[in-house]
Amino acid sequence: MNEHIEYKGYKAKVTYSKEDDALVGRVMDVDALIMFAGQSVAEVKAEFHAAIDSYVEECALHGLEPEKPFKGSFNVRVGCEAHRKAAYKAKAWGISLNEFVRVAIEQAVDRHAQAAAVTTVVKAPIATNDQLYVPVGVASARRVAPSAYGRSH
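Numbering-wise, our numbering puts 135 at position 105 of the sequence shown, and it's gapless, one number per residue.
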């Protein structure tokens, strides 16, 4: 059983746990781990409501703003020139401005994720035949002798 339920803008996925012989739910689209369980649909819904209410109350008690699930839409102020350029580029590509912005955001997020996880080889002229550039970080490179890697060129 895979079912999504919603309460106060929060969505949860409910599955059947064979080990626990219960319906178990987890709130989606927030970093906070909010889980609940019940033996029946009515009980799991009540526990979900109680879990959300408790989460919101705990946040208030500690002076924290509760996480809100992302809706998938937001307003962005980019300035007239950037707006014009983006609109013309989207039109040239045959897509909507919303689609253009969505793609741009996905590419920026993917680039950032890759840069954080993977080092980049910097392609630059090699000064001598006995040195080469190797990756040491996202935005830097250093020279090392090929023998450091057991290579001879």
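Beta carbons are placed, not taken as given, at the ideal position from N, Cα and C, and that holds for glycine.
Please read all numbers here as calculations on a predicted model, not as lab measurements.
Check the C-beta distance from residue i over to residue j and give it rounded, since I have them as a contact under 8 Å.
{"i": "Tyr40", "j": "Ile82", "result": "5 Å"}
{"i": "Leu127", "j": "Ala117", "result": "5 Å"}
{"i": "Glu129", "j": "Ala120", "result": "7 Å"}
{"i": "Lys75", "j": "Ile35", "result": "6 Å"}
Residue i: beta carbon under 6 Å from a heavy atom of the ligand FMN?
{"i": "Tyr85", "result": "The ligand FMN is not part of the structure shown, which contains no ligands of any sort."}
With 16 other CB atoms within 10 Å as the buried threshold, where does residue i fall?
{"i": "Gly55", "result": "buried"}
{"i": "Ala42", "result": "buried"}
{"i": "Glu194", "result": "Past the boundaries of the shown model lies residue 194; the chain is included only from 31 to 183, so the question cannot be answered."}
{"i": "Phe78", "result": "buried"}
{"i": "Val44", "result": "buried"}
{"i": "Val108", "result": "exposed"}
{"i": "Asp160", "result": "Residue confidence is low: Asp160 scores 42 on pLDDT, short of 50, so the model does not pin down where it sits. No coordinate-derived value is stated."}
{"i": "Val106", "result": "exposed"}
Of the choices the options, whose alpha-carbon is the least far from that of residue i?
{"i": "Ala52", "options": "Glu36, Gly109, Lys38, Ala72", "result": "Ala72"}
{"i": "Glu49", "options": "Gln69, Ala138, Glu36", "result": "Gln69"}
{"i": "Val86", "options": "Ser103, Tyr37, Asp140", "result": "Tyr37"}
{"i": "Phe104", "options": "Ile125, His34, Cys89, Arg132", "result": "Arg132"}
{"i": "Ala80", "options": "Lys101, Val57, Gly102", "result": "Val57"}
According to DSSP, is residue i helix, strand or coil?
{"i": "Glu88", "result": "helix"}
{"i": "Glu114", "result": "In the sequence on display, residue 114 carries Arg and not Glu. Correct three-state label for Arg114: helix."}
{"i": "Ala42", "result": "strand"}
{"i": "Ala120", "result": "helix"}
{"i": "Glu136", "result": "helix"}
{"i": "Val60", "result": "coil"}
{"i": "Glu77", "result": "helix"}
{"i": "Val54", "result": "strand"}
{"i": "Glu36", "result": "strand"}
{"i": "Phe130", "result": "helix"}
message = Closer than 8 Å is the cut-off here; do at least three beta carbon pairs connect the region 92 to 106 with the region 56 to 63?
response = yes
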